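Q: The structure under discussion is supplied below as structure tokens; questions concerning it will follow.
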Amino acid sequence: MVTTYNINSNIIGEPVENEKISKELIIIEDDVWIGSNSVILSGVKIGRGSIIGAGSVITKDVEPYSIVGGNPAKILRKRFDQKVIDKLEESQWWLWDKEEIIKNKKFFKNEVV
């Protein structure tokens, strides 16, 4: 290849068979916040409800509802205790349509206990 830039897909519009953006799939589940300038390596799964601190380098899977940061990123703490995590998972609010979210707006304004 003449360039390291993904020029065939991004400019010419013709992907090359061996041209890859990532070696493995990166999975980012629902309700994840990723701080600016973070790097997520190939093959990593970031669990639902996690927070990635700005400038972090994510080298391995992040458990759901974790707060991670650093280079390489390490778990700093969980966002909630297991009881609250279980309630959030049971609600599956991320699957609600707009009308259901509006109808249940108190759910988003109150602490889950």
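Going from the sequence shown to my numbering is simple: count from 1 and add 827. Glycine included, every Cβ here is placed at the ideal spot set by N, Cα and C. Please read all numbers here as calculations on a predicted model, not as lab measurements.
1. Should isoleucine 861 and valine 871 be called a contact, given that it needs their Cβ atoms to be closer than 8 Å?
2. I'd like to know whether the C-beta of isoleucine 902 is nearer than 8 Å to at least one C-beta of chain C.
3. Considering only the beta carbon of each residue, do valine 939 and valine 911 sit closer than 8 Å?
4. Nearest by alpha-carbon distance to alanine 900: which of Phe934, Leu868, Lys936 and Lys933 is it?
5. Below 8 Å CB to CB, which residues in the same chain sit around asparagine 835 once its five sequence neighbours on both sides are set aside?
6. In chain order, what residues of the same chain lie with their CB nearer than 6 Å to the CB of glutamate 856, ignoring the 5 residues before and after it?
A: On the basis of the supplied data:
1. Translated into positions along the sequence shown, residue 861 becomes position 34. Translated into positions along the sequence shown, residue 871 becomes position 44. Contact: no.
2. Among the chains of the structure shown, chain C does not appear; only one protein chain is present.
3. Your numbering for residue 939 matches position 112 in the sequence shown. Your numbering for residue 911 matches position 84 in the sequence shown. Taking 8 Å as the Cβ cut-off, valine 939 and valine 911 qualify as a contacting pair.
4. Here the question's residue 900 lines up with position 73 in the sequence shown. Of the candidates Phe934, Leu868, Lys936 and Lys933, the one whose C-alpha sits nearest the C-alpha of alanine 900 is Leu868.
5. As a first step, residue 835 must be located in the sequence shown, where it is residue number 8. Cβ-Cβ distances below 8 Å link asparagine 835 to Glu841, Pro842, Val843 and Glu846 in the same chain, with the five nearest sequence neighbours on each side left out; the list follows chain order.
6. What you label residue 856 is simply residue 29 of the sequence shown in a count that begins at 1. In chain order, Gly874 and Arg875 place their CB closer than 6 Å to the CB of glutamate 856, counting only its own chain and leaving out the 5 sequence neighbours on each side.
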